[in-house]
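Student: Before we start, here is the structure in question, set down as structure tokens.
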Amino acid sequence: MSRHRAPSPVTRRGALVAGAAWVAGALAATSGAGLRLPSSTAPQAEALMAARLPSSAPSAASPAAPSPAPSTPAASTPAPTPTFDRSAHSTTDATSPWVVVNKTHPITPADYAPAQLTKVAGEVVSAAAAPDLEALLARSRDDGVSLTLVSGFRSRDYQEDVHRRSVSRNGQAGADRYSARAGYSEHQTGLAVDFSSVAGNATLSPSFGQTDEGLWLAEHAGRHGWLLRYTEADQAVTGYNPEPWHFRWVGVELVAAMTAAGAATLEEFFGVTGGPDYA
Ligand SMILES: [Zn+2]
């Protein structure tokens, strides 16, 4: 173990960095999320950006611009890595793909439900998340992985039932580690799903993460815009026990930007509070 190569926050999250190639692709393929490529970007990508960016875009990156210091062409640019517009979407608006819902950030309004819901694989989800969910399921079938959904959108009232039943089984403190109180569940946004397998092995169990389906999801969900939300390593941030079955749709651009930044949670990436205690 070299002392000069301490594990970074990225490397301990192998699943997130496993798709480095697709991350680069997703970052290059800007699609309105506010991405800006740096001057160090490959020439062909730069040409692409030149074609896409408005004429008001910074021209410092142009290779034709006269440079007083030819040996350090990047010296005049402030950031050597791609920047990402973290304010492109709201983190508090329940309709936003980037909304952060946790124990310190309840959904508002409390009785929120997505205006457009649709059914995918037997579960109801927000229409915004459906195309990427369909694509993920199709890809899994191509790879011979038999995923199913066991939960999607849950109304506030339904979540209240779910949580009450958990409290009766586990007590309040125990229930709060496993299930969200009404108004604090990502499922109410319609942007979160719980996966299982056709065989039903390890459904909603920590060992789901070691099944073929759980391992496949950890590796591939990100390239379809789905984020593994509650990991072992991030319990202090998310406030929940690991849930290898629970994924949250945020869009492929955000997953790519988070991966590039070495941030495994929405809370870290957006600088938003989280943790195990209700506000
Ligand atoms: Zn869930």
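Residue numbers (this note's numbering): 31 to 309.
Backbone N, C-alpha and C define an ideal beta-carbon position, used for all residues, glycine too.
Can ASP224 be considered in contact with ligand 1, in the sense that its beta carbon sits closer than 6 Å to one or more heavy atoms?
Tutor: Here residue 224 refers to the residue found at position 194 of the sequence shown. Result yes, Cβ under 6 Å from ligand 1.
Student: Quickly, what does DSSP pair LEU179 with across the bridge? List them, please.
Tutor: As a first step, residue 179 must be located in the sequence shown, where it is residue number 149. BP columns for LEU179 point to PHE225.
Student: Given LYS149, which residues of its chain have a CB within under 8 Å of its CB, disregarding the five upstream and five downstream residues?
Tutor: In the sequence shown, residue 149 corresponds to position 119, counting from 1. These residues qualify, in order along the chain: VAL155.
Student: I'd like the ranges of any alpha helix (DSSP H) spanning at least 4 consecutive residues and lying wholly in the stretch 128-193.
Tutor: You should have 160-172.
Student: Closer than 6 Å to a non-hydrogen atom of ligand 1 - does that hold for the CB of HIS135?
Tutor: Taking the sequence shown and counting its residues from 1, the one referred to as residue 135 is at position 105. No, the beta carbon of HIS135 sits no closer than 6 Å to any heavy atom of ligand 1.
Student: Would you please verify whether the beta carbon of THR148 is less than 7 Å from any beta carbon of chain B?
Tutor: Note that chain B does not occur in the displayed structure, where there is just one protein chain.
Student: Three or more beta-carbon pairs under 8 Å between the stretch 212-221 and the stretch 177-185, yes or no?
Tutor: Segments in contact, yes.
Student: Examine the Cβ distances between the stretch 269-288 and the stretch 247-256 and report whether three or more of them are shorter than 8 Å.
Tutor: Yes, the stretch 269-288 is in contact with the stretch 247-256.
Student: Our contact map puts LEU296 next to PHE277 with C-beta atoms below 8 Å; I'd like the distance itself, whole angstroms only.
Tutor: Walking along the sequence shown from the start, residue 296 turns up at place 266. Walking along the sequence shown from the start, residue 277 turns up at place 247. 13 Å between Cβ atoms; not a contact.
Student: Check whether the Cβ atoms of GLU243 and VAL175 sit closer than 7 Å, and answer yes or no.
Tutor: As a first step, residue 243 must be located in the sequence shown, where it is residue number 213. As a first step, residue 175 must be located in the sequence shown, where it is residue number 145. A contact, by the Cβ cut-off of 7 Å.
Student: Is HIS276 near ligand 2 - that is, is its Cβ less than 6 Å away from at least one heavy atom of it?
Tutor: Ligand 2 is not among the ligands present in this structure, which contains only ligand 1.
Student: Could you pull out every residue in the same chain whose Cβ sits closer than 6 Å to the Cβ of SER120, ignoring the five residues on either side in sequence?
Tutor: Looking up residue 120 in the sequence shown gives position 90. Here the set comprises SER126.
Student: Assuming LEU258 and PHE225 form a contact by the criterion Cβ under 8 Å, report the distance between their Cβ atoms to the nearest whole angstrom.
Tutor: Within the sequence shown, the letter at position 228 stands for residue 258. Within the sequence shown, the letter at position 195 stands for residue 225. LEU258 to PHE225, Cβ: 10 Å. No contact.
Student: Take the Cβ of PRO139 as the centre, count every other Cβ of all protein chains shown within 10 Å, and call the residue buried at 16 or more, exposed below.
Tutor: For the purposes of this step, residue 139 is taken as the residue at position 109 of the sequence shown. So PRO139 ends up on the exposed side.
Student: Distance, Cα to Cα, ARG199 vs SER185?
Tutor: Position 169 of the sequence shown holds residue 199. Position 155 of the sequence shown holds residue 185. Roughly 21 Å between the two C-alpha positions.
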